[in-house]
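Numbering (mature numbering (1 follows the signal peptide of the UniProt record, and there is no 0)), first residue to last: -18 to -1, 1 to 147.
Here it is as structure tokens:
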């Protein structure tokens, strides 16, 4: 009986510490005053502490795939090894403003082992610049975690929120 209770408690504690209710990314795309504005292509992915892509989380681009190579870091790490629809994470480019990307928490949980990770965000704009931000986090989270980074040109403030129920 004691063995059953201890196994049940261990299993329950593992579930309690690993269940995530929300895994979201807020991305601010700043308004840039230029004569020929193009919405940026934006890719997000999670990589481990060795710099290897673990999960490709999103890709915002229009129909012109030829510009995907300009999202250089994403292209080298994961993009060139994929083919459309890029693991079903795609969507249209976004105009300036705040955009919230809510990821499937259950899928994230299944793919991450305990360890240190970085959420990577890369933006590239035709006739514009390119910017990469990195938001480090440790998995699993025990309480709500909020990590932010401030971009300088192509990205504004980017915030990762991971919350437990």
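We put the CB at the ideal spot given by N, CA and C, even for glycine.
Boundaries for residue 14: no beta strand (DSSP E) harbours it, and the DSSP string shows neither H nor E there.
A Cβ-Cβ distance of about 6 Å is found for the pair residue 115 and residue 133, placing them in contact under the 8 Å criterion. Taken through DSSP and simplified to helix, strand or coil, residue 92 comes out as helix. A contact between stretches requires three or more CB pairs, one per stretch, nearer than 8 Å, and the segment 40 to 56 fails this requirement with the segment 120 to 129. Take the alpha-carbon of residue 15 and the one of residue 26: they are about 25 Å apart.
The beta strand (DSSP E) runs of length 3 or more contained entirely in the segment 33 to 62 are, from start to end of the chain, 35 to 42.
Assigned with DSSP and collapsed to three states, residue 21 falls in coil, not helix or strand. Fully enclosed alpha helix (DSSP H) runs of no fewer than 4 residues are not present anywhere in the segment 116 to 141. Remark: C-beta atoms of residue 12 and residue 138 approach each other more closely than 8 Å. Counting the other Cβ atoms within 10 Å of the Cβ of residue 80 gives fewer than 16, which makes it exposed.
Looking at the backbone, the Cα of residue 52 and that of residue 106 are separated by about 6 Å.
A check of alpha carbon separations from residue 144 across 135, 128, 136 identifies 128 as the nearest.
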